[in-house]
Amino acid sequence: MKIADFARQLESVSGGAVVYSRVIPSTLPQYADLNSPLPERLNHYLLKRDLKLYRHQAETYDRARSGAHIMITTPTASGKTLAFNLAVFGSLEADPNATALYLYPLKALTQDQLGTLERLEAETGINVNAAIYDGDTPEHQRPTIRESSRIILTNPYALHQYLPWHHKWRRFFRNLRYVVLDESHVYRGVFGSNISLLLRRLRRIAKHYGAEPQFILSSATLANAEEHGKNLTGLDFELVDRSGAPQGERHFLFWNSQAQKSRSIHRQTSDLLAYCVNEQLQTLCFASSRKLAELVAKWAQQASSKSKIASYRAGYSADERREIERNFRAGELRGLASTTALELGIDIGSLDAVLISGYPGTVISTWQMAGRAGRGAQPSLITLMAFENPLDQYFMKHPEQFFSRPHEYAIVDLENPYILLGHTMCASAELPVHMDRDSQYFGVKMAQSLRSLEEQKLVQKTPAGYVYRGMARPTEVVGLDRISDRSIQVLYDGQVLESMDLRRAYEEAHPGAVLLHRGDSFIIKDLDLTAGIAHAVKEEVDYHTSLAHTSDVTIRKRYYGRKTPLGELLLGEVRVHEEFGGYRVRKGDQTLELHGLDLPPLDFETVALWFTLPGELGRQILKEGLDWAGGLHAAEHSLIAITPFHAMCDRWDIGGLSTTLHPDTREATIFIYDGYEGGIGIAEKAYELFSDLVETTHQLVKDCACEDGCPSCIYSPKCGNNNEPLDKLAAVKILDALKG
Amino acid sequence: MAVSLDRIARRLRERVESTVESGLFTSENQQPFGLSHLSPTDFARSMKLKGELLLEFKDRALAEYYDTEERENEYGACLKITHHAELGIELCTAATCIEEFSRELKLLYGIGPSVESKLRTLGYETLSDLLEHPRWGSSAKEMIQCLDESNAKALQSHIHRWFPISHPLSCKLISLVDPAQIKFFDLESLGLFGRPILLFGTAQITESGLEVVQYLVRNIMEELPALIEIAKVLGVEPALVTYNGRAFDTNLLEERWGYYGLNVEFDPVHFDLLHPARRCFRDKLPDAKLSTVESYYGLTRQIDLPGSLVPDFYNTYLETQNIGPLIPIIEHNKQDLITLAVLLTEFSR
């Protein structure tokens, strides 16, 4: 069946669930000739493969060869990889010593890219000895790779650990011509700030060996792609954003799960996945959690016995994932339910249809997922399925809003003193830090940073520069993100079934939990937190489990405070405390039983700002028939939504809490805290800029054209309470009063 | 209000320190046979020792106790300390070494235990017997040439290619080396890598025993000049004798040269005695720490400082400028070098 017919048919059988459909017209390929001719062997490769370069590929090649740093933002599957590989191979052919470093945010992506590079290497005969060098690289292969590979693929976490060993990489750094950073949109917020300083450390070391590599970045579409490139690397970029790749017609449907009240969104997702697969469409479904990916695949498989449907997520072994990817590419697997693990460019081929079960929280992610659909010029289907929450529902009511919404900004903070100080310390263990030579990398405050580090006896000033003298390896102390080192291994039959971080183990591997793994269900018998081991037994059950938890914030220490028109604004240390009282046994969408659980609470200490609001204001708001709690909650959400623009972070870097009565302040209080153990400077900055923050937030909510809230003002994509309760009008009153 | 850099730096230091501590007390953890960690009792004993040393050596200078000399070069200065140790060092003779080598047919590519025994039944006992052999003749010739040239480095790489790194033949190669090239070598540093070296210890064989020369970094800024001095002393192609030097000492040395951007040519033939020691003492001793191995030979240390506490003692010296905590570091390093000479005598016999 044709996609257009299928889309129409789906609309008619959906029982009103398809609330909107839009056809994004196809585009024709646009080719271009190169200004500078390709080297013979690359040219031959294109001819043999019958490849003509699209406009953006030619543009990338030409500009890269002219020496510019390039940021490519053309869509998924537009041939970005070939574009930068041609430029790199061109340079590596011209200079037999030249090297290139490819950085990927995930190990799975390096695996994928290695295959591509090896094929290109074999077919062009240009010898680059491409190799992966990361934590999985066997010790005995490492010296050979360092000494002879000309393209090395790795990830930022590994690079962070290897930079101090630069003398062993002398040959590689001395000849470093290109650094390729794929999927660079993921480097935003605190993670992005860390990466930008990691890249400055890399540039400083390359410079030490006489190299100034060119950077090629690829990214999903961003509101500020060029700026993002500059922030990440400190260099000026040229943008290549007009794709010349053809795109088939895309049918975009909005599916509101609320139309079928009797069936949960997850059931509807699996129904739809099975339906697409049964109609011969190879379909990828994005589910909103690991458990849902498992459940949706399992249910869809039950409803579609003829075709194979599987699940895909982090936590599977590399071999398991490779196998699934291979089978999907080959078309043996007809349906796949995945977490966001497949949002980035792992090669699974192109598909007929993509289902997105629940709005993923950003426009960037939604389009990245949608970009998986479409084989060349073939038409394809994308369905965005809405959950019950107000954010998802908003798009169902205002679908045009979705298409006209700008892509998000990628925000990177180059002045965050926590991050700067940490990386300056790392740098001082790599090469002595020179006051004048190195301030171009570590900012105008570098001199002050070094003095503070010297005061703490972490570095010492010497004629050669500032030398690290602390007691531990800096790269062990300074992390790039929040991922905790503590991991729990789930064992089944003496073998590791999967490993997961501690927080996830609480969620999925507590005693009694049903852990789904590739469609099989396992029951967790015990969880030993000290040993980091959980034991599972295989048992086919028709129920699943979900953890019940509550969290609160307690004030530990007040740094300083000031008056606001309504009460007090404070900055200090808080403890975020999570309790895990038990878990629910659920069948389908129904809760069957509740079980108690004996897990120690999880605490983390961080820095927060908080402000109090007088009970009088609450009484006034209630008198006007508005919701006091909903107003506080909405004000908290909107403040958090605006904070990234003032405090240079990502929304996911911060957390918040609002309450009509907090035990420590004995008043209505709103907290905004850093999502990093020990704090990372965001609340601190928001505290300084608090009146600007309130001003902008007030304006945003007041001027938002929506009636009672929308994703642009008070809906949060990461709310733990499903965006309830929320009261926009009350929030405007609170913010107005706070502004004074 | 400005964010306080000092507060953030203090927090960083706390994290640095807690990272160290967690690495320090892991004695309960199962360590592989070899180097192991410090126990809380040893820690307490060492802290007491440090207190006593601070009292004993208050306002004293190293020159009062050691033969010291100020060394200066274009990058600054450091302190050279010289000791002489009387010791009988006896290495096997070159003839014995060559003899044993020429009987080891398995060194040739393609000859395993079964081929070897077959060859022996056919009357091929030595490399020279194989010279006319159609299959092994040319590689036998190559090996004999290495022996004739006393090319210890090439011979060692042949051994390491086919045998475990701990193979007894490896140590015997030392007899082919010019004795002036033999450098016992041991470093004391602030950490496993990425941190400064504070004492460079090296020793050479003399008529009466051993001359131990140490370069002390009295202040972090003396590390660079000391790195230059040690490069001169070791030379380009020394025969280095170390204990775990493959994994640690040479790695750190080259890392620090690289850290300061020094381009040092360094291509040693390396005799790392940790490997034969592990092989030799696997069933006799609980671990292969140098101090444990020493006790097997009846050598005892007057004051012993566990290696993992060297940074702590050194930092106390930096803070107080009292030489007390340096004394056990200097002695520890010297003793390590002497023990190395004893072990070399044992293993090359």
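Those protein sequences? They're chains A and B, same order as listed.
The numbering of the first sequence is numbering that gives the first Met the number 0, which starts it at 0 and goes up by one.
The numbering of the second sequence is numbering that gives the first Met the number 0, which starts it at 0 and goes up by one.
Even for Gly, the Cβ is constructed at its ideal location relative to N, Cα and C.
Given the structure is predicted, the values throughout are model-derived calculations rather than measurements.
Residue nearest to residue i in terms of C-alpha spacing, selected from the options
| i | options | result |
| --- | --- | --- |
| L515 (chain A) | A:H632, A:G314, A:Q213, A:P163 | A:G314 |
| T474 (chain A) | A:Q455, A:L601, A:T143, A:C425 | A:C425 |
| R740 (chain A) | A:G348, A:K305, A:A340 | What is shown of chain A runs 0 to 739, which leaves residue 740 (chain A) out entirely. |
| Y295 (chain B) | B:I322, B:L317, B:E345 | B:E345 |
| T201 (chain B) | B:E228, B:P195, B:N314 | B:E228 |
| L291 (chain A) | A:G243, A:G680, A:T544 | A:T544 |
| Y274 (chain A) | A:R328, A:E225, A:D351, A:S337 | A:D351 |
| T72 (chain A) | A:R241, A:S304, A:L546, A:G14 | A:R241 |
| E222 (chain B) | B:R6, B:Y74, B:T67 | B:Y74 |
| A205 (chain A) | A:N193, A:V178, A:I215 | A:V178 |
| S657 (chain A) | A:L294, A:V552, A:G571 | A:V552 |
| A512 (chain A) | A:G624, A:G375, A:D541 | A:D541 |
| S256 (chain A) | A:L231, A:V606, A:I355, A:G233 | A:I355 |
| Q488 (chain A) | A:K732, A:T529, A:D61, A:L596 | A:T529 |
| G193 (chain B) | B:L209, B:E55, B:T241, B:L252 | B:L252 |
| E507 (chain A) | A:L596, A:G571, A:E39, A:I323 | A:L596 |
| L221 (chain A) | A:E687, A:G678, A:T361 | A:T361 |
| D41 (chain B) | B:L304, B:T319, B:N250, B:C170 | B:L304 |
Nearest-angstrom Cβ-Cβ length linking residue i and residue j, presumed shorter than 8 Å
| i | j | result |
| --- | --- | --- |
| L152 (chain A) | Q213 (chain A) | Not a contact, Cβ separation roughly 17 Å. |
| I302 (chain B) | L48 (chain B) | 6 Å |
| A409 (chain A) | R187 (chain A) | 4 Å |
Start and end residues, beta strand (DSSP E) containing residue i
| i | result |
| --- | --- |
| E604 (chain A) | 601-612 |
| F183 (chain B) | 181-188 |
| Y19 (chain A) | 17-23 |
| F247 (chain B) | Run containing F247 (chain B): none; DSSP gives neither H nor E here. |
| E63 (chain B) | Counting along the chain, E63 (chain B) falls outside any beta strand (DSSP E), and DSSP gives it neither H nor E. |
| G654 (chain A) | 653-661 |
| I671 (chain A) | 666-673 |
| T529 (chain A) | Where T529 (chain A) is concerned, there is no enclosing beta strand (DSSP E), given that its DSSP letter is neither H nor E. |
| E390 (chain B) | In the structure as shown, chain B begins at 0 and stops at 348. Residue 390 (chain B) is therefore absent and cannot be evaluated. |
| T460 (chain A) | The residue you asked about is not Thr; residue 460 (chain A) is Lys in the sequence shown. Run containing K460 (chain A): 458-461, per the beta strand (DSSP E) assignment. |
Endpoints, alpha helix (DSSP H) assigned at residue i
| i | result |
| --- | --- |
| G580 (chain A) | That residue, G580 (chain A), is in no alpha helix (DSSP H); its beta strand (DSSP E) goes 567-586. |
| T143 (chain A) | 141-147 |
| E128 (chain B) | A small fix is needed here, since residue 128 (chain B) is Asp in this sequence, not Glu. Note, D128 (chain B): alpha helix (DSSP H), 126-129. |
| V474 (chain A) | Inspection of the sequence shows that residue 474 (chain A) is occupied by Thr rather than by Val. Run containing T474 (chain A): 473-476, per the alpha helix (DSSP H) assignment. |
| F88 (chain A) | 79-93 |
| T73 (chain A) | Neither: T73 (chain A) is in no alpha helix (DSSP H) and is coded neither H nor E. |
Residue i - partner residues in DSSP beta bridges
| i | result |
| --- | --- |
| T361 (chain A) | In DSSP, T361 (chain A) forms no bridge with anything. |
| D551 (chain A) | A:H576 |
| A336 (chain A) | A:C284, A:S310 |
| H68 (chain A) | A:F236 |
| T26 (chain A) | A:Q246 |
| R278 (chain B) | R278 (chain B) pairs with nothing; no bridge assigned. |
| T338 (chain B) | According to DSSP, T338 (chain B) bridges with nothing at all. |
| T590 (chain A) | A:R585 |
| F521 (chain A) | A:L514, A:K537 |
| E69 (chain B) | B:L78 |
| K556 (chain A) | A:E572 |
- Item | the region 395-423 of chain A: positions lying closer than 7 Å to chain B by Cβ | Taking 7 Å as the Cβ-Cβ cut-off against chain B, the residues of the region 395-423 of chain A that qualify are P416, Y417, L420, G421.
- Message: If the cut-off is 9 Å on Cβ atoms, which residues from the region 292-315 of chain B count as contacting chain A, listed in chain order?
- Response: Residues of the region 292-315 of chain B with a Cβ closer than 9 Å to any Cβ of chain A, in chain order: P310, D311, N314.
- Item | Short-range partners of chain A found in the region 228-259 of chain B, where Cβ spacing is below 8 Å | Residues E253, E254, W256, G257, Y258, Y259.
- Query: Residues in the region 424-451 of chain A with C-beta within 9 Å of chain B's C-beta atoms, listed in sequence order?
  - Reply: Across the region 424-451 of chain A, CB contacts with chain B closer than 9 Å involve M424, A428, E429, L430, P431, K444, Q447, S448, R450, S451, in sequence order along the chain.
- What residues in the region 2-21 of chain B bring their beta carbon closer than 7 Å to a beta carbon of chain A? Residues of the region 2-21 of chain B that bring their beta carbon within less than 7 Å of a beta carbon in chain A comprise V2, L4, D5, I7, A8, R9, R10, L11, R12, R14, V15, E16, T18, V19, in sequence order.
- Task: May I ask you to list, following chain order, the residues of the region 86-111 of chain A that have a beta carbon less than 8 Å from some beta carbon of chain B?
- Result: Flagged: no residues at all.
- Residues in the region 190-208 of chain B with C-beta within 9 Å of chain A's C-beta atoms, listed in sequence order? Correct list: G190, L191, F192, G193, R194, P195.
- Task: Please name the residues in the region 674-685 of chain A whose beta-carbon is closer than 9 Å to at least one beta-carbon of chain B, in chain order.
- Result: Those residues of the region 674-685 of chain A that come within reach of chain B (Cβ to Cβ, closer than 9 Å) are G677, G678, G680, E683, K684.
- Item | chain B contacts from the region 460-472 of chain A (Cβ-Cβ distance under 7 Å) | Shown in chain order are the members of the region 460-472 of chain A whose Cβ falls below 7 Å from a Cβ of chain B: T461, P462, A463, V466, Y467, R468, G469, M470, A471, R472.
- Query: Listed in chain order, which residues of the region 41-58 of chain B have Cβ atoms closer than 7 Å to some Cβ of chain A?
  - Reply: Listed in chain order, the positions of the region 41-58 of chain B with a beta carbon within less than 7 Å of a beta carbon of chain A would be empty, since no residue qualifies.
- Identify each residue in the region 211-227 of chain B for which the Cβ-Cβ distance to at least one residue of chain A is less than 7 Å, and report them in chain order. Of all residues in the region 211-227 of chain B, I219, M220, L223 have a Cβ within less than 7 Å of some Cβ in chain A.
- Message: Any C-beta of chain B within less than 9 Å: which residues of the region 152-170 of chain A qualify?
- Response: Answer in chain order: P163, W164, H165, H166, K167, R169.
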